[in-house]
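> Taken in sequence, the protein lines are chains A and B.
Oh and the first sequence: position 54 is 54 in the UniProt record's numbering, straight run, nothing missing.
Oh and the second sequence: position 335 is 335 in the UniProt record's numbering, straight run, nothing missing.
Note that the Cβ used here is the ideal one computed from N, Cα and C, for glycine as well.
Protein chains: 2
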Amino acid sequence: MGFYLMLLVEQVDPFSLVADELSLVTNRLRSMVVAKVPKLASAAEYFFKIGVEGKRFRPTVLLLMATALDVPIPTSAPQVEVDSLSSDLRTRQQSIAEITEMIHVASLLHDDVLDDADTRRGIGSLNFVMGPKIAVLAGDFLLSRACVALASLKNTEVVSLLATVVEHLVTGETMQMSTSSDERCSIEYYMQKTYYKTVSLISNSCKSIALLAGHTAEVSKLAFDYGKNLGLAFQLIDDVLDFTGTSATLGKGSLSDIRHATSLALSTHFCCGFHSMGIVTAPILYAMEEFPQLCTLVDRGFDDPVNVEIALDYLGKSRGIQRTRELASKHSSLGSAAIDSFPESSDEEVQRSRRALVELTHRVITRTK
Amino acid sequence: MGFYLMLLVEQVDPFSLVADELSLVTNRLRSMVVAKVPKLASAAEYFFKIGVEGKRFRPTVLLLMATALDVPIPTSAPQVEVDSLSSDLRTRQQSIAEITEMIHVASLLHDDVLDDADTRRGIGSLNFVMGPKIAVLAGDFLLSRACVALASLKNTEVVSLLATVVEHLVTGETMQMSTSSDERCSIEYYMQKTYYKTVSLISNSCKSIALLAGHTAEVSKLAFDYGKNLGLAFQLIDDVLDFTGTSATLGKGSLSDIRHATSLALSTHFCCGFHSMGIVTAPILYAMEEFPQLCTLVDRGFDDPVNVEIALDYLGKSRGIQRTRELASKHSSLGSAAIDSFPESSDEEVQRSRRALVELTHRVITRTK
Numbered sequence: 001m002g003f004y005l006m007l008l009v010e011q012v013d014p015f016s017l018v019a020d021e022l023s024l025v026t027n028r029l030r031s032m033v034v035a036k037v038p039k040l041a042s043a044a045e046y047f048f049k050i051g052v053e054g055k056r057f058r059p060t061v062l063l064l065m066a067t068a069l070d071v072p073i074p075t076s077a078p079q080v081e082v083d084s085l086s087s088d089l090r091t092r093q094q095s096i097a098e099i100t101e102m103i104h105v106a107s108l109l110h111d112d113v114l115d116d117a118d119t120r121r122g123i124g125s126l127n128f129v130m131g132p133k134i135a136v137l138a139g140d141f142l143l144s145r146a147c148v149a150l151a152s153l154k155n156t157e158v159v160s161l162l163a164t165v166v167e168h169l170v171t172g173e174t175m176q177m178s179t180s181s182d183e184r185c186s187i188e189y190y191m192q193k194t195y196y197k198t199v200s201l202i203s204n205s206c207k208s209i210a211l212l213a214g215h216t217a218e219v220s221k222l223a224f225d226y227g228k229n230l231g232l233a234f235q236l237i238d239d240v241l242d243f244t245g246t247s248a249t250l251g252k253g254s255l256s257d258i259r260h261a262t263s264l265a266l267s268t269h270f271c272c273g274f275h276s277m278g279i280v281t282a283p284i285l286y287a288m289e290e291f292p293q294l295c296t297l298v299d300r301g302f303d304d305p306v307n308v309e310i311a312l313d314y315l316g317k318s319r320g321i322q323r324t325r326e327l328a329s330k331h332s333s334l335g336s337a338a339i340d341s342f343p344e345s346s347d348e349e350v351q352r353s354r355r356a357l358v359e360l361t362h363r364v365i366t367r368t369k
Numbered sequence: 001m002g003f004y005l006m007l008l009v010e011q012v013d014p015f016s017l018v019a020d021e022l023s024l025v026t027n028r029l030r031s032m033v034v035a036k037v038p039k040l041a042s043a044a045e046y047f048f049k050i051g052v053e054g055k056r057f058r059p060t061v062l063l064l065m066a067t068a069l070d071v072p073i074p075t076s077a078p079q080v081e082v083d084s085l086s087s088d089l090r091t092r093q094q095s096i097a098e099i100t101e102m103i104h105v106a107s108l109l110h111d112d113v114l115d116d117a118d119t120r121r122g123i124g125s126l127n128f129v130m131g132p133k134i135a136v137l138a139g140d141f142l143l144s145r146a147c148v149a150l151a152s153l154k155n156t157e158v159v160s161l162l163a164t165v166v167e168h169l170v171t172g173e174t175m176q177m178s179t180s181s182d183e184r185c186s187i188e189y190y191m192q193k194t195y196y197k198t199v200s201l202i203s204n205s206c207k208s209i210a211l212l213a214g215h216t217a218e219v220s221k222l223a224f225d226y227g228k229n230l231g232l233a234f235q236l237i238d239d240v241l242d243f244t245g246t247s248a249t250l251g252k253g254s255l256s257d258i259r260h261a262t263s264l265a266l267s268t269h270f271c272c273g274f275h276s277m278g279i280v281t282a283p284i285l286y287a288m289e290e291f292p293q294l295c296t297l298v299d300r301g302f303d304d305p306v307n308v309e310i311a312l313d314y315l316g317k318s319r320g321i322q323r324t325r326e327l328a329s330k331h332s333s334l335g336s337a338a339i340d341s342f343p344e345s346s347d348e349e350v351q352r353s354r355r356a357l358v359e360l361t362h363r364v365i366t367r368t369k
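1. If you reduce the DSSP assignment to three classes, tell me which class B/GLY131 lands in.
2. Straight-line CA distance for A/HIS331 to B/GLN93?
3. Looking at chain A, which residues of the segment 162–175 of chain B have a Cβ within less than 7 Å of any of its Cβ atoms?
4. Below 9 Å on C-beta distance, what does B/ARG92 contact in chain A?
5. Take A/ILE209 and list the residues in its own chain whose beta-carbon comes closer than 7 Å to its own, dropping the five residues that flank it on each side.
6. Under DSSP, the alpha helix (DSSP H) around B/PRO343 begins and ends at which residues?
7. Taking the alpha-carbon of A/ALA106 as reference, which of A/TYR314, A/LEU315, A/ALA146, A/ILE279 has the nearest alpha-carbon?
8. With a threshold of 8 Å, are at least 3 pairs of Cβ atoms found where one atom belongs to the segment 153–160 of chain B and the other to the segment 148–155 of chain A?
9. Kindly indicate if chain A contains any beta-carbon less than 8 Å away from that of B/LEU141.
10. Sort B/LEU109, B/TYR196, B/VAL350 by Cα distance to B/VAL165 and report the nearest one.
11. For a contact meaning CB atoms closer than 9 Å, what does B/ALA217 contact in chain A?
12. For the segment 327–344 of chain A against the segment 293–307 of chain A, are there 3 or more C-beta pairs whose distance is under 8 Å?
13. For the segment 150–162 of chain B, enumerate the residues whose C-beta is nearer than 9 Å to any C-beta of chain C, in chain order.
14. Please list, in chain order, the chain B residues whose beta carbon lies closer than 7 Å to that of A/CYS147.
15. B/PRO14 to B/ASP20, Cα distance in whole Å?
16. Name, please, each residue of chain A whose Cβ falls closer than 8 Å to the Cβ of B/LEU40.
17. For A/LYS317, count neighbouring Cβ atoms within 10 angstroms of its own Cβ and tell me buried if that reaches 16, exposed if not.
18. Please confirm whether B/SER31 has its beta-carbon closer than 8 Å to some beta-carbon of chain A.
19. Would A/LEU89 count as contacting chain B if we go by Cβ distances under 8 Å?
20. Is the segment 169–188 of chain B touching the segment 198–206 of chain A in the sense that three or more CB pairs, one from each, lie closer than 8 Å?
21. Closer than 7 Å, Cβ to Cβ, to anything on chain A: give me those residues from the segment 188–209 of chain B, in chain order.
22. Establish whether the CB of A/LEU212 and some CB of chain B are separated by less than 8 Å.
23. Nearest-angstrom Cα distance between A/SER205 and A/LYS221?
24. Compare the C-alpha of B/ALA41 against each of A/SER345, A/GLU167, A/ILE365, A/ILE310 and name the closest.
25. Are the CB atoms of A/ALA213 and A/ILE73 within a distance shorter than 8 Å?
26. Please work out which residues of its chain come closer than 6 Å, Cβ to Cβ, to A/GLU183, disregarding the five sequence neighbours upstream and downstream, and give them in chain order.
27. Could you check whether the Cβ of A/LEU327 sits closer than 8 Å to any Cβ belonging to chain B?
28. Does DSSP classify A/VAL240 as helix, strand or coil?
29. Determine, using beta carbons only, whether B/LYS39 and A/MET102 come nearer to each other than 8 Å.
30. Determine the chain B residues that contact A/VAL136 at a beta-carbon separation under 7 Å, and present them in chain order.
31. Taking 7 Å as the cut-off, does the CB of B/VAL240 come closer than this to any heavy atom belonging to the ligand COA?
32. Does the Cβ-Cβ distance between B/ALA356 and B/LEU315 come in under 8 Å?
33. Whose C-alpha, out of B/ASP225, B/LYS207, B/THR194, is nearest the C-alpha of B/ASP238?
34. Short of 6 Å in beta carbon distance, which residues of its chain neighbour A/HIS362, apart from the five on each side in sequence? Order them along the chain.
35. From B/THR99 to A/LYS133, what does the alpha carbon distance come to, in whole angstroms?
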């Protein structure tokens with residue numbers, strides 16, 4: 001359920017718009033995770049290696065956001081040395097992108113230890129390759145590097161925001177371990193968990209980009225809203241795709257479609273232990289509102305494949321997939337609306353970045369993998 | 001090898017000097033680690049429970065340091081509202097004590113996961129009682145709470161210092177896992193590791209106390225030096241006590257004394273896996289300078305009790321224990337000298353706190369457990 005986007009070839013491509021700056025950020029990231037101790041260095045660098053660094057979805061959004069909010073800010077102080085200040089600002093905003101990625105990778109490292117995961121991003125998880133000790137330490141190391149980098153931005157509101165994100169990541173991960181039936185069968189609990197675990201990071205880092213630029217609380221809130229709604233839409237579609245796979249009939253699939261596409265997903269995601277609860281995402285929780293007996297099934301767990309089959313039967317008969325897609329669309333629109341409410345600007349670059357951000361809200365809900 | 005001090009009943013007791021303020025700090029600590037998620041809350045609170053909270057050695061030092069540096073600071077700005085400002089300052093210095101303790105406990109939680117430790121502070125380790133997943137998460141949670149509290153101090157130099165400490169804790173822990181023979185047989189490498197893993201936290205938090213009060217870089221460095229030397233002396237004596245136990249003939253013990261006292265320590269500390277390297281501390285490393293063949297023994301590891309016996313033979317014949325105590329005394333004196341170099345003050349409370357800090361440097365090297 002990684003937070004990445006497929007690269008569709010289109011006229012206005014959000015990713016190519018920031019490609020150059022992104023490689024700068026990526027290179028700096030690699031140099032930031034160099035540790036004095038060789039073993040720690042190779043561990044921390046593990047996920048920043050060329051080829052396995054992921055789609056860099058978050059840094060892309062953040063760099064686009066920086067340009068999208070590059071508008072004159074009403075201020076009482078005289079503007080001196082605008083050029084040097086704004087280039088300094090850009091560097092600090094790039095730092096937010098780097099810090100965000102470090103926090104993200106740190107949480108992946110610890111999650112893999114918690115889940116005893118074998119693979120990550122198509123290669124062996126660090127936990128699997130170098131052992132859980134090094135994975136815990138490398139995660140701690142990245143968090144401390146992120147914290148040091150944060151402190152150097154000398155903006156305590158931003159430090160506080162991103163420190164809170166780390167707390168949210170932990171809270172979300174712990175909520176996921178819940179053993180209460182009421183909680184596991186509640187869509188509200190699930191959405192709250194999703195916010196903490198997947199969405200808080202992107203929404204608060206978007207807000208940080210605005211705060212560093214000196215925007216008002218109102219504008220910073222719009223940046224937050226964009227990140228939050230984009231993130232929620234992304235995760236909800238992720239949940240759908242876990243059931244429907246790459247089928248072109250997403251959300252319209254017959255039961256057999258769903259069951260067929262799911263068999264692979266199940267074998268990789270839902271097979272044993274904690275992971276078996278991975279099936280209880282938005283589609284199942286919506287299905288539960290039509291078929292309350294699903295809750296009893298969830299309580300029994302999904303170690304037994306028969307229970308999985310029964311759950312999928314209910315899902316196929318229900319509007320679970322459809323309602324999940326509808327909710328994702330709603331969040332996609334809200335994200336797009338946040339951008340439309342940004343302070344007016346006739347600057348072409350600003351407008352192009354805003355269009356790219358809106359484009360991302362569309363891609364997130366139309367993607368098929 | 002916990003960092004705590006025995007309470008000796010004496011006329012000027014450093015601990016009773018700050019006892020009231022310490023319970024205030026302890027209570028606030030308990031309220032700070034309350035999490036939204038019950039499981040996480042009980043995990044994070046685990047080590048802040050009454051009775052198992054340790055000797056609160058670090059908070060004691062930090063509160064004494066705050067008073068010891070409560071002297072007028074030369075400033076060009078007019079002093080307004082001194083009372084409200086200084087009470088605010090004291091609260092922020094208390095926060096440093098709380099943050100330091102949170103970072104310390106977080107590192108204990110992760111260390112116990114790394115070491116598969118069963119017990120901690122006489123009770124089951126969190127790792128053992130609630131499982132490694134919760135221990136990793138609770139550590140992360142405490143770190144994020146510490147980071148949020150740090151950010152609220154709105155002093156980016158202090159944020160940076162304490163974030164670097166987290167990095168040092170990780171670096172120290174990783175150095176301890178080293179598999180290079182050269183490194184494992186080097187006293188310099190060992191002292192560097194000890195600084196990162198045990199001493200960086202107390203020295204940098206002492207420095208933070210001075211920085212918050214607005215002291216010069218010079219005075220802040222003295223505060224750092226005090227913490228560093230106290231911490232090093234403490235750890236070196238810890239190393240000695242691991243071999244000599246509670247014997248009254250510390251450092252003068254015959255071989256049989258050492259071997260006898262060590263048998264218990266060995267069974268708890270040095271028996272298997274990573275822990276078996278716990279025997280290679282300063283005394284053994286000094287002994288190695290007289291008996292280089294000890295290095296070969298270290299390379300072989302101490303899973304075999306016979307190797308432990310041979311190592312203890314060499315240690316008994318060597319000046320290892322004595323030289324370790326001498327080094328501890330040197331650091332104890334340096335710590336005391338740092339206090340003597342503090343800006344002059346005739347304030348009685350200030351002087352009493354300074355005497356208490358000096359008293360701690362003595363207790364650290366004369367303690368027998």
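Straight from the coordinates:
1. coil
2. 44 Å
3. ALA163, THR164, VAL166, GLU167, VAL170, THR171, GLU173, THR174, MET175
4. Near B/ARG92 there are no residues of chain A at all, since even the closest Cβ is about 13 Å away, more than 9 Å.
5. LEU62, MET65, ALA66, LEU69, GLN93, ILE96, ALA223
6. Neither: B/PRO343 is in no alpha helix (DSSP H) and is coded neither H nor E.
7. A/ALA146
8. yes
9. As written in the sequence, residue 141 of chain B is Phe, which differs from the Leu given in the question. Output row for B/PHE141: interface = yes.
10. B/TYR196
11. Going along chain A, no residue has its Cβ under 9 Å from B/ALA217, so there is no contact; the nearest lies around 18 Å.
12. no
13. The displayed structure is made up of protein chains A and B, and chain C is not among them.
14. CYS147, ALA163, VAL166
15. 12 Å
16. VAL170, THR171, THR174
17. exposed
18. no
19. no
20. no
21. none
22. no
23. 11 Å
24. A/GLU167
25. yes
26. TYR189
27. no
28. helix
29. no
30. HIS110, VAL113, LEU114, VAL136
31. Among the components of this structure there are no ligands whatsoever, and the ligand COA is therefore not found.
32. no
33. B/THR194
34. none
35. Note that residue 99 of chain B corresponds to Ile in the displayed sequence, not to Thr. Each residue's Cα considered, the two are about 24 Å apart.
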